[in-house]
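Each remark here refers to the structure printed beneath this line.
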Amino acid sequence: TVCFDTSAGAWKVWDGDIWNQSLFNHSGAVNVKDYGALCNGSTDDTTAFQAAINSGAGRVLVPQGKCRISSGPLVMRKAVSVIGIGTLPGSSPSGTGQEFKSVIEHNYNGHLFAILGVSGQVTQSNGYGFENLVLQNVAGSGTGQQGAAIYAEYTNATTVPTWIRIRNLNIEIASGADEWSHGIRLEGGTAADQPLRNVWIDNCRIAIGANGSAAIRLVNIGNAFIRATQQSGTNSNLEITGSAGALSSSI
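So the sequence shown is numbered by my numbering: it starts at 13 and just counts up by one.
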């Protein structure tokens with residue numbers, strides 16, 4: 013369990029006995045600032061952010077601020093969750109008193125996060141996670157679309173991205189910027205036996221305007237759970253194509 017202690021101004025991890033404030037000595041977590049990210053809303057933090065993802069730590073922590081990503085995509089590794097300072101579980105991202113402090117700004121034409129699959133089996137314990145974040149597109153001039161905030165695709169039978177958990181996210185558009193093509197776009201293979209399995213989307217808010225395609229696009233997905241997710245804008249639809257297995261939706 014990871015949390016941000018506002019009184020101490022520090023991340024903390026529960027080690028089974030006590031809350032440990034020294035996350036930099038915790039093998040399971042790194043902060044993007046450890047790798048040179050400034051998160052000041054103007055400096056390009058792409059290289060530092062990707063280095064944190066590639067570090068081998070299971071949790072990549074995003075501090076208060078605006079981490080600007082100006083090239084990409086950021087390619088996820090299995091058994092990595094990107095975690096910001098955000099909400100308590102169960103509270104609505106747009107509710108009264110709601111505040112997100114960890115913003116990742118998308119400043120180029122393309123997907124922000126890409127889950128391309130890795131060789132070897134991906135299980136529940138080593139999947140991909142995103143939690144307590146604002147993903148904001150700042151690129152463009154308001155006339156087009158700039159890719160998906162989170163994108164996953166089937167590559168081949170041995171590199172299928174599975175076990176994707178997305179929780180407590182605001183996916184939004186800066187004033188005057190282009191639209192996201194999709195907030196979340198997850199695609200399995202074209203054949204019936206090539207689904208992208210085990211997707212969980214919980215307590216998110218996704219804004220998609222007239223130039224976007226869909227808030228959430230799921231193609232050939234096996235076992236998807238969508239709950240308490242708000243979609244706003246002209247094209248704020250849930251697009252599902254050829255999905256297999258169980259689909260539970262409450263949005």
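We treat Cβ as the ideally placed atom computed from N, Cα and C, and that holds for glycine. Since we're looking at a predicted model, the values are computed, not measured.
> So is N149 buried or exposed if we call it buried at 16+ other beta carbons inside 10 Å?
Replying inline: buried
>> Could you check whether P173 and A164 sit closer than 8 Å to each other, using their CB atoms as the reference points?
In response: yes
>> Quick check on T55: does DSSP put it in helix, strand or coil?
In response: strand
>> Rounded to whole angstroms, what is the Cα-Cα separation between A69 and Y140?
In response: 12 Å
> Which word fits G48, buried or exposed, when buried means at least 16 other C-beta atoms lie within 10 angstroms of its C-beta?
Replying inline: exposed
> What is the rounded straight-line gap between the Cα of G53 and the Cα of H194?
Replying inline: 23 Å
> Secondary structure at V1, three-state DSSP: helix, strand or coil?
Replying inline: Residue 1 lies beyond the stretch modelled for the chain, which goes from 13 to 263, so this question has no answer here.
> What residues are listed by DSSP as bridge partners for Y47?
Replying inline: For Y47, which the question treats as bridged, DSSP gives no partner whatsoever.
> When the distance is taken between beta carbons, is R209 closer than 8 Å to N235?
Replying inline: yes
> Thinking C-alpha only, which one of D46, L181, A189 is nearest I228?
Replying inline: L181
>> Taking DSSP's pairing of strands, which residues face Y120 in a bridge?
In response: DSSP lists no partner for Y120.
> What residue range is occupied by the uninterrupted beta strand (DSSP E) comprising L250?
Replying inline: 250-253
>> Judging by CA-CA distance, which residue of E199, T55, I213 is the nearest neighbour of P207?
In response: E199
> Where does Q206 fall in DSSP's three states?
Replying inline: coil
> How many Å lie between G221 and L86 at the Cα?
Replying inline: 24 Å
> When the Cα of W175 is compared with those of G122, I213, I65, which residue comes out closest?
Replying inline: I213
> Taking the C-alpha atoms as reference points, what is the distance between A186 and I81?
Replying inline: 14 Å
> Which partner residues does A226 have in the DSSP bridge list?
Replying inline: H194
> So is T241 buried or exposed if we call it buried at 16+ other beta carbons inside 10 Å?
Replying inline: buried
> With distances taken from CA atoms, which of Q62, L128, N119, I218 is nearest R179?
Replying inline: I218
> Cα-Cα, which of A63, T253, T55, G188 is closest to D46?
Replying inline: A63
> Between which two residues does the beta strand (DSSP E) harbouring N235 extend?
Replying inline: 233-239
>> Please state the DSSP three-state secondary structure of I97.
In response: coil
> Which residue's Cα is closest to the Cα of G188: N232, C216, S153?
Replying inline: S153
> Where I65 and V72 are concerned, what is the direct C-alpha to C-alpha distance, given to the nearest angstrom?
Replying inline: 6 Å
> Would the beta-carbon of L147 fall within 8 Å of that of H118?
Replying inline: yes
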